[in-house]
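Here the structure is laid out as structure tokens; the discussion comes afterwards.
Residue numbers (full-length UniProt numbering), protein chains in the order written: chain A, 1 to 365; chain B, 1 to 365.
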């Protein structure tokens with residue numbers, strides 16, 4: 001079915017729709033990964049990623065995996081058998097971190113929170129006297145909750161601080177250096193407005209110096225990947241694997257678009273869209289899921305009203321309006337919806353459209 | 001530099017140019033990974049991959065990594081600490097297999113061959129009495145050599161047989177089931193005519209039953225990935241990670257194009273282009289690198305003539321003709337060239353163009 005040109009409004013938890021500049025870049029002719037044009041493109045991409053991460057880290061690059069692969073890269077390079085990893089869990093992606101860290105051999109100390117609530121910084125910091133790493137999710141895609149990463153990072157002590165920024169990067173304030181993030185990973189398919197397939201990744205010098213040498217993963221070994229992007233000091237560029245040149249062209253275009261609009265303006269656009277959506281949903285009489293004061297602008301969680309069939313509403317939206325919104329995750333699969341206003345979709349028209357369509361769909365379902 | 005529309009003839013070892021249907025598919029609107037349209041697309045893609053792999057394996061899917069990530073998936077799912085892995089090494093990618101397997105904890109028994117020669121089946125089979133896995137490269141991208149995978153697979157005994165088909169899949173005969181391949185991985189950017197970024201992967205039931213449970217890698221765990229493509233018996237589809245939907249649309253389009261042309265015709269086209277190129281290079285007085293009778297049609301290696309500056313010739317080709325060919329790999333970096341005729345480039349016009357341009361470039365350099 002290669003000719004299906006189905007066009008959707010992607011108002012789920014990701015992927016979001018792409019910026020038009022991204023779509024154009026994906027259709028450019030492929031070039032070789034050793035071509036001077038591509039080398040410049042990769043350098044530009046890494047530089048753009050530094051801006052959206054809020055970092056000066058030399059080791060800032062698009063990993064050739066999706067966001068979940070970025071999570072694996074974060075742990076496989078920092079923990080080995082018996083290393084203590086304190087992990088804050090307030091949703092599905094915190095859960096996943098525990099499983100990924102456990103597979104890397106870590107002694108996982110998990111700090112559970114009720115879903116829909118933000119991370120309790122004091123509890124996380126008190127969980128273990130001397131962890132090798134502390135890990136937390138900035139913007140929980142499963143619950144729509146934003147947590148205070150700065151407070152955690154600024155009080156991390158000797159630990160390396162790992163942060164999941166999948167649903168914040170490019171749309172929300174993110175200051176990796178200022179907040180003390182040592183290892184960060186993200187995805188491209190949310191606020192960056194680029195298809196899924198790459199993981200924007202950053203690692204501080206401090207973390208690099210304390211990394212696992214010869215980690216179990218060759219593909220995700222940051223010791224080798226530094227050379228791939230020319231970030232290994234003094235040694236130039238070395239071949240590691242063939243980079244996904246087309247996806248990187250798309251990411252470069254997305255970053256350029258965001259930086260041309262202005263990162264502050266893009267973040268303001270996300271805040272405005274999120275606030276308008278949340279106000280509109282409440283005006284419709286719906287109840288938001290995430291704790292007030294800790295709601296993500298980029299992704300809103302809302303409770304399915306009693307007696308309403310969640311799946312039927314989503315099906316109606318898809319079939320009548322070509323609109324995708326998300327179900328909940330885990331035990332909230334049928335009881336919440338997740339509505340994203342990310343990337344190019346973070347605007348007033350998207351808010352008005354999804355509110356109107358949701359109202360009709362609830363009535364019809 | 002998102003607007004650079006540099007167009008190249010990609011006659012190196014990959015990426016090759018894409019089929020036009022692929023480029024068109026990459027520019028389609030993004031759709032969600034849970035959209036019924038995408039589910040059908042993923043199913044079509046897996047079915048197309050079964051055809052080019054020559055397999056009925058339910059667990060045949062595009063991994064969300066490049067070819068080197070596929071290599072890692074092959075080993076992390078089959079070997080653990082102390083397991084014996086016999087690895088045939090006749091080029092860079094056999095070398096890489098040893099390193100990847102070692103990181104997975106394997107006791108690696110490597111069987112070295114001179115670069116440019118095919119794998120000696122008897123030596124590989126005699127290397128260890130009871131290996132857990134035997135691994136070999138079908139088409140060595142570093143040397144341009146084709147090895148006899150069928151003989152190895154048909155005599156593998158109790159071992160699981162892992163095969164790298166990065167530079168053969170889609171362009172050369174490949175019969176995973178008939179040849180006894182248990183685990184195969186490949187790339188998209190060679191004979192399939194799709195950009196790099198996915199790894200076509202297949203695993204037999206026999207290998208799945210003897211796989212490592214809870215392997216070190218969560219991202220590449222085939223026990224979880226079976227659910228992702230709906231191949232886990234009776235359990236339906238489960239969420240694992242967000243698939244790279246755009247790249248999968250590209251791969252689907254490439255596979256459909258190849259199957260519409262006819263896999264036999266596509267393979268014949270690759271054979272004809274490779275034979276014509278090799279004959280033409282020899283008529284120019286150049287010497288081929290790979291052993292006669294074991295030369296890949298998709299990728300030809302040729303010795304740089306004495307006194308000729310390899311890099312200067314390649315630069316001339318790029319700057320005057322927008323043609324990319326490859327340098328050699330490893331110790332042959334400066335002494336051989338690698339010329340690919342893959343995917344849409346496997347045709348008479350490409351052969352004539354690259355021969356004429358190379359002649360001019362050697363004179364000019």
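Built from N, CA and C at the ideal position, the CB exists for glycine as well.
Buried or exposed, going by whether 16 or more other CB atoms sit within 10 Å of the CB of residue i?
{"i": "residue 103 of chain A", "result": "buried"}
{"i": "residue 214 of chain A", "result": "exposed"}
{"i": "residue 166 of chain B", "result": "buried"}
{"i": "residue 13 of chain B", "result": "buried"}
{"i": "residue 164 of chain A", "result": "buried"}
{"i": "residue 331 of chain B", "result": "exposed"}
{"i": "residue 200 of chain A", "result": "buried"}
Step through the CB atoms of chain B and report whether any lies within less than 8 Å of the CB of residue i.
{"i": "residue 31 of chain A", "result": "yes"}
{"i": "residue 23 of chain A", "result": "yes"}
{"i": "residue 50 of chain A", "result": "no"}
{"i": "residue 189 of chain A", "result": "yes"}
{"i": "residue 95 of chain A", "result": "no"}
{"i": "residue 14 of chain A", "result": "yes"}
{"i": "residue 196 of chain A", "result": "yes"}
{"i": "residue 68 of chain A", "result": "yes"}
{"i": "residue 6 of chain A", "result": "yes"}
{"i": "residue 361 of chain A", "result": "no"}
{"i": "residue 57 of chain A", "result": "no"}
{"i": "residue 10 of chain A", "result": "yes"}
The beta strand (DSSP E) spanning residue i covers which residue range?
{"i": "residue 338 of chain A", "result": "336–340"}
{"i": "residue 83 of chain B", "result": "Unbroken run through residue 83 of chain B: none, as it is neither H nor E."}
{"i": "residue 352 of chain B", "result": "That residue, residue 352 of chain B, is in no beta strand (DSSP E); its alpha helix (DSSP H) goes 348–364."}
{"i": "residue 162 of chain A", "result": "160–164"}
{"i": "residue 184 of chain B", "result": "183–185"}
{"i": "residue 39 of chain B", "result": "Not the beta strand (DSSP E): residue 39 of chain B falls in the alpha helix (DSSP H), residues 36–53."}
{"i": "residue 136 of chain A", "result": "133–137"}
{"i": "residue 59 of chain A", "result": "59–63"}
{"i": "residue 301 of chain A", "result": "299–303"}
{"i": "residue 200 of chain A", "result": "199–203"}
At least one CB of chain A closer than 8 Å to the CB of residue i: is that the case?
{"i": "residue 27 of chain B", "result": "yes"}
{"i": "residue 167 of chain B", "result": "no"}
{"i": "residue 78 of chain B", "result": "no"}
{"i": "residue 340 of chain B", "result": "no"}
{"i": "residue 345 of chain B", "result": "no"}
{"i": "residue 353 of chain B", "result": "no"}
{"i": "residue 123 of chain B", "result": "no"}
{"i": "residue 72 of chain B", "result": "yes"}
{"i": "residue 183 of chain B", "result": "no"}
{"i": "residue 64 of chain B", "result": "yes"}
{"i": "residue 152 of chain B", "result": "no"}
{"i": "residue 358 of chain B", "result": "no"}
{"i": "residue 155 of chain B", "result": "no"}
For the alpha helix (DSSP H) containing residue i, name the first residue and the last one.
{"i": "residue 246 of chain B", "result": "245–261"}
{"i": "residue 70 of chain B", "result": "67–76"}
{"i": "residue 106 of chain A", "result": "From DSSP, residue 106 of chain A is part of no alpha helix (DSSP H); its letter is neither H nor E."}
{"i": "residue 25 of chain B", "result": "20–26"}
{"i": "residue 149 of chain A", "result": "149–154"}
{"i": "residue 370 of chain B", "result": "Given a span of 1 to 365 for chain B in the structure shown, any question on residue 370 of chain B remains unanswerable."}
{"i": "residue 310 of chain A", "result": "310–321"}
{"i": "residue 126 of chain B", "result": "121–126"}
Taking 7 Å as the line, does the beta carbon of residue i fall inside it for any heavy atom of the ligand FMN?
{"i": "residue 287 of chain A", "result": "By its list of ligands, the structure shown contains no ligand whatsoever, and the ligand FMN lies outside what it can speak to."}
Task: Residues of the stretch 34–46 of chain A with Cβ closer than 7 Å to any Cβ of chain B, in chain order - done: 35, 37, 40, 41, 44
Task: Members of the stretch 234–249 of chain A that neighbour chain B once the beta carbon cut-off is set at 8 Å - done: 240, 241, 242, 243, 244, 245, 246, 247, 249
Task: Near-chain B residues of the stretch 199–222 of chain A - C-beta to any C-beta below 9 Å - done: Listed by position, the residues of the stretch 199–222 of chain A near chain B (Cβ gap below 9 Å) are 214, 215, 216, 217, 218, 219, 220, 221.
- [ ] Give the residues from the stretch 96–119 of chain B that approach chain A closer than 9 Å (Cβ to any Cβ), ordered along the chain.
- [x] 96, 99, 100, 102, 103, 104, 105
Open item on the list: Taking 8 Å as the cut-off, does the stretch 206–213 of chain B touch the stretch 242–261 of chain B (at least 3 CB pairs, one atom from each stretch)?
Closed with: no
TODO: Please list the residues of the stretch 79–92 of chain B that have a C-beta atom closer than 8 Å to any C-beta atom in chain A, keeping them in chain order.
DONE: Interface annotation for the stretch 79–92 of chain B against chain A: empty, criterion Cβ-Cβ distance under 8 Å.
TODO: Please list the residues of the stretch 261–291 of chain B that have a C-beta atom closer than 9 Å to any C-beta atom in chain A, keeping them in chain order.
DONE: Residues passing the 9 Å Cβ filter: none.
Open item on the list: For the stretch 318–332 of chain A against the stretch 265–278 of chain A, do three or more pairs of beta-carbon atoms, one drawn from each stretch, fall closer than 8 Å, so that the two count as touching?
Closed with: no
Task: Cβ-based contacts, 9 Å cut-off: residues of the stretch 306–335 of chain A near chain B - done: Cβ contacts with chain B come from 318, 324, 326, 327, 329.
Open item on the list: Does the structure place the stretch 133–149 of chain B close enough to the stretch 293–302 of chain B that three or more beta carbon pairs sit under 8 Å?
Closed with: yes
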